[in-house]
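Have a look at the structure below, then the notes.
Protein chains: 6
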Amino acid sequence: MEKQLVLLSLVALSFCNFAFADEQALQDFCVADPNGPVRVNGLACKNPMLVQANDFLFRGLNMPGNTSNPIGSKVTLVNVAMLPGLNTLGIAMARIDYAPWGLNPPHLHPRATEIFTLIEGSVLVGFVTSNPENRLISKILQKGDVFVFPKGLIHFQQNLGHGHAMAISGLSNQNPGIVTVANAVFKSNPDISSEVLTKAFQVDKHIIDQLQSKF
Amino acid sequence: MEKQLVLLSLVALSFCNFAFADEQALQDFCVADPNGPVRVNGLACKNPMLVQANDFLFRGLNMPGNTSNPIGSKVTLVNVAMLPGLNTLGIAMARIDYAPWGLNPPHLHPRATEIFTLIEGSVLVGFVTSNPENRLISKILQKGDVFVFPKGLIHFQQNLGHGHAMAISGLSNQNPGIVTVANAVFKSNPDISSEVLTKAFQVDKHIIDQLQSKF
Amino acid sequence: MEKQLVLLSLVALSFCNFAFADEQALQDFCVADPNGPVRVNGLACKNPMLVQANDFLFRGLNMPGNTSNPIGSKVTLVNVAMLPGLNTLGIAMARIDYAPWGLNPPHLHPRATEIFTLIEGSVLVGFVTSNPENRLISKILQKGDVFVFPKGLIHFQQNLGHGHAMAISGLSNQNPGIVTVANAVFKSNPDISSEVLTKAFQVDKHIIDQLQSKF
Amino acid sequence: MEKQLVLLSLVALSFCNFAFADEQALQDFCVADPNGPVRVNGLACKNPMLVQANDFLFRGLNMPGNTSNPIGSKVTLVNVAMLPGLNTLGIAMARIDYAPWGLNPPHLHPRATEIFTLIEGSVLVGFVTSNPENRLISKILQKGDVFVFPKGLIHFQQNLGHGHAMAISGLSNQNPGIVTVANAVFKSNPDISSEVLTKAFQVDKHIIDQLQSKF
Amino acid sequence: MEKQLVLLSLVALSFCNFAFADEQALQDFCVADPNGPVRVNGLACKNPMLVQANDFLFRGLNMPGNTSNPIGSKVTLVNVAMLPGLNTLGIAMARIDYAPWGLNPPHLHPRATEIFTLIEGSVLVGFVTSNPENRLISKILQKGDVFVFPKGLIHFQQNLGHGHAMAISGLSNQNPGIVTVANAVFKSNPDISSEVLTKAFQVDKHIIDQLQSKF
Amino acid sequence: MEKQLVLLSLVALSFCNFAFADEQALQDFCVADPNGPVRVNGLACKNPMLVQANDFLFRGLNMPGNTSNPIGSKVTLVNVAMLPGLNTLGIAMARIDYAPWGLNPPHLHPRATEIFTLIEGSVLVGFVTSNPENRLISKILQKGDVFVFPKGLIHFQQNLGHGHAMAISGLSNQNPGIVTVANAVFKSNPDISSEVLTKAFQVDKHIIDQLQSKF
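Listed in order, the protein sequences are those of chains A, B, C, D, E and F.
The first sequence lines up with residues 1 to 215 when you count with UniProt numbering.
The second sequence lines up with residues 1 to 215 when you count with UniProt numbering.
The third sequence lines up with residues 1 to 215 when you count with UniProt numbering.
The fourth sequence lines up with residues 1 to 215 when you count with UniProt numbering.
The fifth sequence lines up with residues 1 to 215 when you count with UniProt numbering.
The sixth sequence lines up with residues 1 to 215 when you count with UniProt numbering.
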């Protein structure tokens with residue numbers, strides 16, 4: 001009997017993987033249930049009668065991220081996985097901390113534009129356009145500056161100061177996604193073949209080997 | 001055994017709260033199952049093989065709403081909860097009845113624009129813009145007039161005549177939502193604190209008390 | 001006990017029919033589970049950990065469709081039902097084969113624009129606009145020509161050559177839908193009444209009878 | 001000088017044909033200027049400072065449409081061309097009048113779902129699905145009934161009564177478009193070739209000739 | 001001649017008021033020209049060849065807003081009017097400053113959800129739902145807390161501390177719009193009639209008079 | 001006088017840079033005017049009365065692209081700039097040619113999902129996910145295979161055969177955009193600083209120098 005129940009509940013679960021979009025919410029809110037086993041386009045939502053203020057709350061964005069890593073930066077992302085009330089509402093937030101000279105390396109968000117404001121420090125920011133082709137648009141930001149990184153374009157920030165730097169961003173999707181170029185191209189699992197990469201980057205294999213071996 | 005089945009079905013249910021949007025339906029129709037226990041962004045949909053003409057039908061919009069209430073008006077909304085065939089299709093309809101001098105009080109639809117046509121009577125209508133700030137755009141409508149209330153803006157209608165008035169509206173969402181200002185601000189549950197309201201409306205507490213105590 | 005389990009699993013299933021849209025995917029992908037019993041706006045998605053390259057693959061579009069039918073054409077559609085990885089991604093593809101003088105008869109896609117390229121042969125293509133009213137926009141295409149059929153408009157293609165013709169199309173929805181005018185109007189199940197059709201087409205009943213009896 | 005000014009103004013105009021969508025209005029309203037020579041995706045909008053209540057008003061929907069025509073029905077559409085305030089707001093309205101036995105013939109709206117309520121009379125309504133293929137979903141409506149016609153599907157209404165019938169519809173687009181099947185297929189300008197039509201409808205040319213010659 | 005040129009340029013302008021939406025940008029960016037006389041759904045965009053890094057930059061969000069006003073708060077909004085690079089990208093940012101006990105009064109954004117993080121101080125926040133009807137969802141936030149205010153719902157924040165408080169918000173639209181309830185209802189221009197307001201709020205005229213006379 | 005006219009026409013132009021989106025076309029079509037000086041979100045559209053069948057036509061996709069270049073591949077893109085009728089319709093098409101062992105290097109489309117079918121040859125295809133992080137999903141495709149590359153993710157194709165290979169793709173945007181990783185990161189104009197790149201890729205400067213110097 002036990003086995004049958006387990007089996008049946010697994011069967012029931014197998015019927016419960018759903019996808020949905022967050023364009024135009026169809027009620028005031030649809031709070032996600034991040035602990036549920038259901039994997040959907042976004043997340044499933046709770047019974048609205050059980051929704052509480054805490055479902056719309058995330059705590060601790062005042063805590064500095066740990067920047068003790070090779071690139072000297074840390075992104076603390078508050079997306080729908082961290083804040084279930086964001087589900088279907090099309091927005092997220094992030095805090096970025098930078099050690100001195102720390103770098104948030106070239107990356108892109110496949111599903112979001114980012115609006116970025118520097119709370120502390122001085123950073124170099126830039127993004128590269130697709131058309132006009134491969135134009136770098138960059139700026140040195142001071143405390144209080146706000147900058148925009150358009151959806152899907154490669155961008156980065158580097159701390160120029162001797163001190164710590166910190167920024168807050170808004171992103172136009174409940175789950176913006178992050179594709180870090182160096183990791184996606186040279187650290188994927190499995191690796192992209194060196195034939196592809198040597199031709200793509202027009203360098204010798206030993207250089208690709210170094211790019212793939214690092215970290 | 002009974003308990004286990006009940007428990008299991010509750011478990012199964014807990015896996016079945018989903019959200020979805022109605023931007024761009026992905027098949028001809030997705031008829032809602034309003035009786036299902038599942039709460040989603042909109043509603044779950046039926047097996048299309050079980051769909052019948054009645055799923056696209058709502059009856060009785062010819063019946064006058066009961067306007068024997070303090071404001072002298074009644075909105076009969078035909079949204080996806082009343083008409084399951086509307087699910088994912090992005091539209092709804094309403095009938096509004098007005099007793100003599102009856103008022104559909106200042107309210108807004110967080111998810112829809114409203115197109116309104118007066119079938120009978122004479123009413124004053126208005127909406128307030130956010131930019132230019134707080135401009136009232138109003139008009140006296142006669143039978144056969146059509147008027148638009150843009151999405152998310154506060155609007156109202158008042159019957160000017162000695163007789164009954166009636167209107168039909170189309171709304172650009174399967175579940176437009178209604179926020180009646182007086183109720184949301186002064187009748188919420190729990191109350192918004194009188195400190196907030198006295199400062200917001202710049203009046204003495206006894207006035208806020210009266211606004212909160214009425215009805 | 002068996003019955004109870006069957007009953008319970010059916011009950012569980014009945015809680016699991018969901019709808020969702022593909023506007024703005026909320027993760028990299030949401031691979032559909034076309035074999036699942038769940039019917040949704042699009043399809044449910046798999047556990048991303050179980051996703052494989054094959055979920056993004058459809059094989060055999062190089063195989064000519066069978067054009068031995070009264071109209072002498074065959075559409076091979078690769079939509080989300082054939083290629084689960086398309087789920088939530090807003091695009092589909094089709095191959096159209098034409099016997100000599102074969103016709104892809106007047107039809108429309110309720111949910112998609114079509115971009116069409118002729119790989120082989122020579123075909124007459126056309127679509128009819130709604131405004132300006134009922135204007136036919138048509139062209140004779142040769143190998144290598146690309147043409148556009150706007151969303152929701154009636155269009156057709158006819159092979160003009162003595163040989164076989166073949167085209168590839170992209171469509172702007174994971175499930176574009178096809179409404180073939182002759183079938184929808186004269187071959188529906190049940191029939192549209194001849195009173196409606198004789199008045200709509202302004203012809204005698206015996207002509208409607210012929211139109212309804214054929215095939 | 002006159003010529004130069006005329007030439008220049010024409011040049012200026014040639015720079016002013018723009019397209020835009022009404023998904024997510026970016027201000028409270030964007031009132032169309034239907035008299036302007038500019039043709040856009042929707043219509044250009046006025047200076048908001050010059051906007052008046054009349055821009056949100058259309059008069060006369062209480063007037064019966066003239067049904068003295070072969071099909072015995074008349075649609076009075078209130079779209080953005082008639083009501084400039086609808087621009088960018090994604091909704092429109094229509095009044096349909098029916099003579100006894102009058103027919104609103106099989107047609108579709110390429111850009112809108114329709115929610116329909118019968119104000120007076122008794123009508124047979126129906127629409128044909130694309131999947132399941134060519135299923136007719138129909139119903140006899142009485143006064144006060146509300147029915148839905150999903151976006152892009154062929155539908156019709158016929159007055160069953162001895163008296164006049166009248167309905168009001170909401171449509172989910174500022175410019176829904178109407179494709180009347182009989183006219184688009186058999187009355188286009190220029191004609192669709194009889195080779196195409198005889199094969200599409202599987203009937204003899206003389207029948208196509210009659211279908212094309214009528215009206 | 002002068003007059004003719006002026007006249008002609010006005011004529012040219014009259015052809016140049018356009019509307020557009022920011023759903024799905026159609027190139028990397030479309031930088032707004034906020035100084036142009038053209039009023040559109042959003043703003044017109046610059047020649048991409050003339051775009052500079054400064055077009056994506058706004059300076060001074062580190063400067064506290066002036067809270068010397070009756071409500072003791074100040075919102076500094078960075079929308080497309082302040083940051084032209086936001087045009088078509090669907091996001092904006094705001095800084096909110098609060099004097100001790102300062103209030104950001106009940107208001108709503110007709111076109112955006114807000115994600116809010118408290119940088120400094122302690123504030124009471126709340127929003128009121130439309131369904132379940134008029135439920136207040138509120139929370140006391142500390143430094144580092146993040147909270148969500150769903151699109152179109154009435155919300156507020158009040159500084160609970162003896163010191164200054166400050167927050168940063170992201171909003172899901174390039175021009176979210178702000179409707180402050182007290183001003184829209186009691187301070188509109190022209191006034192909403194006291195007949196409407198006394199009935200809507202169910203209070204005597206002298207109370208409405210006070211609500212309308214303040215500020 | 002000449003100068004004044006030139007000046008005036010420039011002024012007129014400055015009023016005519018507009019942006020718009022292609023979500024939900026508001027008429028049957030909005031044919032772009034690619035030759036106009038106006039730069040918009042997409043392109044301006046022609047007077048519909050002047051629209052011709054040729055506006056919906058692009059010729060020559062049967063011509064092989066020139067693959068005599070270091071990577072041995074050539075993409076022939078048919079977007080709205082090549083096919084004005086695509087304007088506002090949300091789709092584009094491409095032909096990709098590959099020399100033996102030719103590579104379409106790692107790149108992404110910031111605004112589109114790609115559905116790809118191999119017409120001739122045998123190619124290795126792959127894309128890298130953002131979550132699960134940096135997973136490579138790859139497959140060897142044969143003639144007739146169809147594969148999907150989700151929006152915003154890095155992907156590539158390499159010809160595995162001794163002969164020429166060719167593919168046709170549909171893309172879910174009228175202007176998908178292409179960001180080729182190697183060029184955007186190592187060949188931007190101006191260069192991304194070597195400090196940023198050495199830290200991002202965790203390699204010595206001489207390796208970055210080689211990556212930046214090539215081509």
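Note that CB positions come from ideal geometry on N, CA and C, so glycine has one too.
Through-space distance from residue j to residue i, alpha-carbon basis
{"i": "F:Lys205", "j": "F:Ser194", "result": "7 Å"}
{"i": "A:Pro37", "j": "A:Asp55", "result": "Confidence in A:Pro37 is poor, its pLDDT being 45 and thus under 50, which makes the residue's placement unreliable; the coordinate value appears in the next sentence. Rounded to the nearest angstrom, the two C-alpha atoms are 18 Å apart."}
{"i": "E:Thr117", "j": "A:Thr113", "result": "19 Å"}
{"i": "E:Arg39", "j": "D:Met49", "result": "A caution first: E:Arg39 carries a pLDDT of 42, below 50, which makes its placement in the model unreliable, though a value can still be read off. Between E:Arg39 and D:Met49, the C-alpha separation is close to 10 Å."}
{"i": "D:Leu57", "j": "F:Leu197", "result": "60 Å"}
{"i": "A:Arg95", "j": "A:Thr67", "result": "12 Å"}
{"i": "E:Asn134", "j": "B:Ala182", "result": "10 Å"}
{"i": "A:Ala184", "j": "E:Gly170", "result": "28 Å"}
{"i": "C:Leu26", "j": "F:Ile115", "result": "19 Å"}
{"i": "A:Gly102", "j": "A:Ile207", "result": "24 Å"}
Among the options, the one whose alpha carbon lies nearest that of residue i
{"i": "residue 219 of chain F", "options": "F:Gln210, F:Pro110, F:Leu50, F:Val203", "result": "Residue coverage of chain F in this structure runs from 1 to 215, which leaves residue 219 of chain F outside it and unanswerable."}
{"i": "E:Pro64", "options": "E:Asp97, E:Gly90, E:Ala81, E:Phe149", "result": "E:Asp97"}
{"i": "E:Val179", "options": "B:Gly121, B:Asn189, B:Gly177, B:Lys151", "result": "B:Lys151"}
{"i": "D:Gln142", "options": "D:Thr129, D:Gly161, D:Leu211", "result": "D:Gly161"}
{"i": "E:Asp191", "options": "B:Thr129, B:Ser73, B:Gly102, B:Asn62", "result": "B:Thr129"}
Cut-off 6 Å between Cβ atoms - residues of its own chain near residue i, not counting five sequence neighbours on either side
{"i": "C:Pro132", "result": "none"}
{"i": "B:Phe127", "result": "Ile137, Phe149, Leu153, His155"}
{"i": "C:Ser172", "result": "Ala112, Thr113"}
{"i": "D:Gln157", "result": "Asn104, Val123, Val125"}
{"i": "B:Ser213", "result": "none"}
{"i": "E:Val75", "result": "Ala94, Ile96"}
{"i": "E:Ser188", "result": "none"}
Residues of its chain near residue i, where Cβ-Cβ distance is below 7 Å and the 5 sequence neighbours each way are ignored
{"i": "D:Leu139", "result": "The amino acid occupying residue 139 of chain D in the given sequence is Lys; Leu does not appear at that position. Around D:Lys139: Val125, Phe147."}
{"i": "E:Leu83", "result": "Phe58"}
{"i": "D:Gly85", "result": "Phe29, Val31, Asp55, Phe56"}
{"i": "A:Gln52", "result": "none"}
{"i": "B:Gly163", "result": "Pro100, Gly121"}
{"i": "A:Val78", "result": "Phe58, Leu61, Ala92, Met93, Ala94"}
Residue i in three-state terms, based on DSSP
{"i": "C:Glu23", "result": "Bear in mind that the predicted position of C:Glu23 carries a pLDDT of just 43, short of 50, making it too unreliable to give a figure here."}
{"i": "C:Ile207", "result": "helix"}
{"i": "residue 220 of chain B", "result": "Only positions 1 to 215 of chain B appear in this structure, which leaves residue 220 of chain B out of reach."}
{"i": "C:Gly177", "result": "coil"}
{"i": "A:Leu57", "result": "strand"}
{"i": "B:Thr117", "result": "strand"}
{"i": "residue 216 of chain F", "result": "For chain F, the structure presents residues 1 to 215; residue 216 of chain F sits outside this window and is missing."}
{"i": "F:Lys139", "result": "strand"}
Nonlocal neighbours in the same chain, by C-beta distance under 8 Å from residue i, ignoring five residues either side
{"i": "C:Val203", "result": "none"}
{"i": "E:Gly177", "result": "His109, Pro110, Arg111, Ala112"}
Any residues in the region 136 to 165 of chain A with a beta carbon nearer than 9 Å to a beta carbon of chain F? Which ones, in chain order? Within the region 136 to 165 of chain A, the qualifying residues are Leu136, Ser138, Pro150, Lys151, Gly152, Leu153, Ile154, Phe156, Gln158.
Chain E contacts made by the region 52 to 64 of chain A, where a contact means CB separation under 7 Å: Near chain E, meaning a CB-to-CB distance below 7 Å, the residues of the region 52 to 64 of chain A are Ala53, Phe56, Leu57, Phe58, Arg59, Gly60, Leu61, Asn62, Met63.
Identify each residue in the region 192 to 211 of chain A for which the Cβ-Cβ distance to at least one residue of chain F is less than 9 Å, and report them in chain order. Here the close residues are Ile192, Ser193, Glu195, Val196, Leu197, Lys199, Ala200, Phe201, Gln202, Val203, Asp204, Ile207, Gln210, Leu211.
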